[in-house]
Amino acid sequence: KLSLYVAGAGFHPAKTLPICIDVGTNNNDLRDDRFYLGLRQPRVRGEEFYDYMHEVLGAIKSKWPKVLIQFEDWSNDVCFDLLDKYRNKMLCFNDDIQGTGAVILSGFINAVKLSEIPLKDHSVVFVGAGSAAVGVADQMSKIFAEGTDLSPQEIRERFYFIDSKGLVTNNRGDWDKIQKYAPFKVNYARTDIEKDSELQTDDLLTLVKGLKPTAIIGLSGQFSGGFTKEIIQQHASNHKYPIIFALSNPTSKSECTADEAIRFSEGRVIFASGSPFDPVSFNGKTIKPGQGNNMYIFPGLGLGSVLSGSSVVSEDMILAAAKALADFVPEEEMRQTRNIYPPLNQIREISVKLATSVCQQAVRDGLAREYENVQDWEKVVRDYMYNCEYVEPRYE
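Letter by letter, the sequence shown follows residues 1 to 396 of UniProt numbering.
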């Protein structure tokens, strides 16, 4: 990730530092492996864990007061709590929650443009109900709030979550466990599904038939090939331009391939994946699938957060990054290519645009008071960026 900050956003390598926090592991096989390099103890949790993290983060901020901290790969049982504890106290964000949310939101914004369906009439089924999926729904909620007259409750009702036990509802048999061990799901638990309804199921085909969502988004990592021919065809029969995001990584865990999504929808699908897929030939056209990769967001978001001098990474700054990424793809080009993301080989220019938008949003939020008189943020961004390309020596 830090290499991508350097290559993608122009951070100087000497200004990045990877830190691994080891508080043990609950994997007995690892603890018993003589080559295991980590702590050979059960993973610390509860008050002891949060006290330790408070000490670590406090020491980092004491050493570098303007440091940007990116939380990466924290498990569901602590990632939301960590973010909530520190998001308003220091410059930090969680890429798995907020970065994923922003990059998928960007793709969704462009997918809505292509769908010919008003934003207020969209609904989404998430296959997977972990931190990434909830982060995406949180980010999408902001666009619904901005672009429609829907109430907060009506916005939440645009989302359906499926976990390993089925549709997440408040009258499911394990509701008490959800409240205790996965409270991040509670806000999106359905309250309008009867206990004996056929929608109380983990069968995606039944849900696509019954709910007719405009978009299905796979983020579970456990549903490889789960977007079957029947599901894609049903989804395509419900809508002229069905939206399918098969985002689980790596390719072997993807919910479907780009070829399957395109062929089974008769070429009408608005598709994005988490892993790269080769271009698909269909009806005489070559379609290059879009990839919803966090790399589009976090380098530019991080650069803008640092350069703005903001003390926090606000939700509006993240939203500004998502909108800037969506705007990077010209609508006419998008209608021709069906690709809702720009080419990754443009990442430096993408990061310039995102960082500029983030800085401008920080000023609007009153978070960049030291730099509120800056007129040309794009120049500030470009002047800061480290060039990691080798150049031919020039002799005078």
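Quick reminder that beta carbons are idealized off the backbone N, C-alpha and C, glycines included.
All of these numbers come straight from a predicted model, not from anything done at the bench.
Q: Compare the beta carbon distance of Lys185 and Val168 with 8 Å and say whether it is the shorter of the two.
A: One-based indexing of the sequence shown puts residue 185 at position 185. One-based indexing of the sequence shown puts residue 168 at position 168. The answer is yes: Cβ separation under 8 Å.
Q | Short Cβ contact (8 Å threshold) for Leu247 with Val125 | A | Numbered from its first residue, the sequence shown carries residue 247 at position 247. Numbered from its first residue, the sequence shown carries residue 125 at position 125. No, they are not a contact pair.
(Q) To the nearest angstrom, how far is the alpha carbon of Ser123 from that of Val136? (A) Taking the first residue of the sequence shown as position 1, residue 123 is located at position 123. Taking the first residue of the sequence shown as position 1, residue 136 is located at position 136. Each residue's Cα considered, the two are about 13 Å apart.
Q | Arg40 vs Arg34 beta-carbon contact at 8 Å | A | On the sequence shown, position 40 is the one that residue 40 refers to. On the sequence shown, position 34 is the one that residue 34 refers to. No, these two residues do not count as a Cβ contact at 8 Å.
Q) Taking Asn339 as the reference, which of Ala132, Ser106 and Ala102 has the closest Cα? A) Translated into the one-based positions of the sequence shown, residue 339 becomes position 339. Closest by alpha carbon: Ser106.
**Q.** Residues that DSSP places opposite Asp163 in a beta bridge
**A.** Residue numbering aside, residue 163 sits at position 163 when the sequence shown is read from its first letter. Beta-bridge pairing links Asp163 to Gly166.
Q: Go ahead and pull the three-state DSSP assignment for Asn94.
A: Locating residue 94 in the sequence shown gives position 94, where the first residue counts as 1. If DSSP states are grouped into helix, strand and coil, Asn94 belongs with the strands.
Q.
At 4 residues or longer, what runs of the alpha helix (DSSP H) sit wholly inside the UniProt domain "Malic enzyme N-terminal" (1-87)?
A. Whole alpha helix (DSSP H) segments, 4+ residues: 2-9, 28-32, 47-63 and 76-86.
Q) With DSSP run on the structure shown, which of helix, strand or coil describes Ser273? A) In the sequence shown, counting from the first residue as 1, residue 273 sits at position 273. Three-state DSSP puts Ser273 in a strand.
Q: Sort Glu255, Ser305 and Phe298 by Cα distance to Tyr371 and report the nearest one.
A: Position 371 of the sequence shown, counted from the start, is the residue given in the question as residue 371. The shortest C-alpha separation from Tyr371 is found at Ser305.
Q. What did DSSP end up calling Lys285 once you bin it into helix, strand or coil?
A. Translated into the one-based positions of the sequence shown, residue 285 becomes position 285. In this structure, Lys285 counts as strand in the three-state DSSP scheme.
Q: Could you check what DSSP says for Phe108 in three-state terms: helix, strand or coil?
A: Residue numbering aside, residue 108 sits at position 108 when the sequence shown is read from its first letter. In the structure shown, Phe108 sits in a helix (DSSP, three-state: H, G or I).
Q: Please confirm whether Val358 and Asn88 have their CB atoms less than 8 Å apart.
A: Reading the sequence shown from its first residue, position 358 is the one you call residue 358. Reading the sequence shown from its first residue, position 88 is the one you call residue 88. No, Cβ-Cβ distance for Val358 and Asn88 is not below 8 Å.
Q) Among residues of its own chain, excluding the 5 on either side of Thr206, which ones have a beta-carbon nearer than 8 Å to its beta-carbon? A) What you label residue 206 is simply residue 206 of the sequence shown in a count that begins at 1. For Thr206, where only same-chain residues beyond five positions count, the Cβ hits under 8 Å are Glu198 and Leu199.
Q) Helix or strand or just coil, what does DSSP make of Gly225? A) Here residue 225 corresponds to residue number 225 of the sequence shown, with the count starting at 1. For Gly225, the three-state secondary structure derived from DSSP is coil.
Q: Let me know if Val391 comes out buried or exposed under the rule of 16 or more other beta-carbons within 10 Å of its beta-carbon.
A: Here residue 391 refers to the residue found at position 391 of the sequence shown. By the beta-carbon neighbour count (other beta carbons within 10 angstroms, threshold 16), Val391 is exposed.
Q: Flag this pair as yes or no: are the beta carbons of Lys1 and Glu55 separated by less than 8 Å?
A: Residue mapping note: residue 1 aligns to position 1 of the sequence shown, counting from 1. Residue mapping note: residue 55 aligns to position 55 of the sequence shown, counting from 1. Result no, Cβ atoms of Lys1 and Glu55 do not sit closer than 8 Å.
Q) Apart from the five residues just before and just after residue 402, which ones in its own chain have a Cβ nearer than 8 Å to its Cβ? A) Nothing about residue 402 can be reported from this structure: the residues present for the chain run from 1 to 396 only.
Q | Selected residue, minimal CA-CA separation from Ile329, among Leu319, Gly290 and Pro299 | A | Start at 1 with the first residue of the sequence shown, and residue 329 comes out as number 329. A small fix is needed here, since residue 329 is Val in this sequence, not Ile. Looking only at Leu319, Gly290 and Pro299, the smallest Cα-Cα distance to Val329 is reached by Gly290.
Q) The alpha helix (DSSP H) spanning Gly302 covers which residue range? A) Within the sequence shown, the letter at position 302 stands for residue 302. From DSSP, the alpha helix (DSSP H) with Gly302 extends over Phe298 to Ser308.
(Q) Do Gly166 and Thr191 have their beta-carbon atoms positioned less than 8 Å apart in this structure? (A) Your numbering for residue 191 matches position 191 in the sequence shown. Your numbering for residue 166 matches position 166 in the sequence shown. Not closer than 8 Å, so no.
Q. CA-CA distance, Ile217 and Ile104?
A. Within the sequence shown, residue 217 is the residue found at index 217, counting from 1. Within the sequence shown, residue 104 is the residue found at index 104, counting from 1. Answer to the nearest angstrom: the Cα atoms are 9 Å apart.
(Q) Going residue by residue through the segment 200-244, where are the continuous alpha helix (DSSP H) segments of at least 4 residues, counting only ones entirely within it? (A) If one requires a minimum length of 4 residues, the alpha helix (DSSP H) runs lying completely within the segment 200-244 are 204-211 and 229-238, in chain order.
Q) With distances taken between CB atoms, is the gap from Ala324 to Lys288 smaller than 8 Å? A) As a working mapping, residue 324 is identified with position 324 in the sequence shown. As a working mapping, residue 288 is identified with position 288 in the sequence shown. No, they are not a contact pair.
Q: In the DSSP assignment, find the unbroken beta strand (DSSP E) run with Val313 in it and report its ends.
A: As a position in the sequence shown, residue 313 is number 313, starting the count at 1. Premise fails: Val313 is in no beta strand (DSSP E) and is neither H nor E.
(Q) Considering only the alpha carbon of each residue, which of Asn27, Arg382, Gly128 and Thr148 lies closest to Lys120? (A) Your numbering for residue 120 matches position 120 in the sequence shown. With distances taken between Cα atoms, Lys120 lies closest to Thr148.
Q.
Considering only DSSP beta bridges, list what Val280 is partnered with.
A. Position 280 of the sequence shown, counted from the first residue, corresponds to residue 280. DSSP, once it has assigned bridges, lists Ile287 as partnering Val280.
Q) Would you say the beta carbon of Phe184 comes nearer than 7 Å to a heavy atom of the ligand GDP? A) The ligand GDP is not part of the structure shown, which contains no ligands of any sort.
Q: Could you tell me the boundaries of the alpha helix (DSSP H) in which Val358 lies?
A: Within the sequence shown, the letter at position 358 stands for residue 358. Residues Ile347 to Arg364.
Q) Would you report the Cα separation of Phe223 and Lys63, rounded to the nearest angstrom? A) Position 223 of the sequence shown holds residue 223. Position 63 of the sequence shown holds residue 63. Taking the straight line joining both Cα atoms gives about 43 Å.
Q. Does the Cβ-Cβ distance between Val6 and Pro13 come in under 8 Å?
A. Position 6 of the sequence shown, counted from the first residue, corresponds to residue 6. Position 13 of the sequence shown, counted from the first residue, corresponds to residue 13. Contact: yes.
Q: Indicate the three-state DSSP secondary structure (helix, strand or coil) for Ala182 in the structure shown.
A: What you label residue 182 is simply residue 182 of the sequence shown in a count that begins at 1. Three-state DSSP puts Ala182 in coil, outside helix and strand.
Q: Mind checking which residues open and close the beta strand (DSSP E) that includes Val127?
A: Numbered from 1 along the sequence shown, position 127 holds the residue referred to as residue 127. Val127 -> beta strand (DSSP E) spans Val124 to Val127.
Q) For Tyr296, which of Glu332, Asn249, Asn345 and Cys256 has the nearest alpha-carbon? A) Translated into positions along the sequence shown, residue 296 becomes position 296. Measuring from the Cα of Tyr296, the nearest candidate turns out to be Asn345.
Q.
Check whether the segment 143-158 and the segment 239-246 are in contact - that is, three or more C-beta pairs closer than 8 Å.
A. At 8 Å Cβ cutoff, the stretches do not touch.
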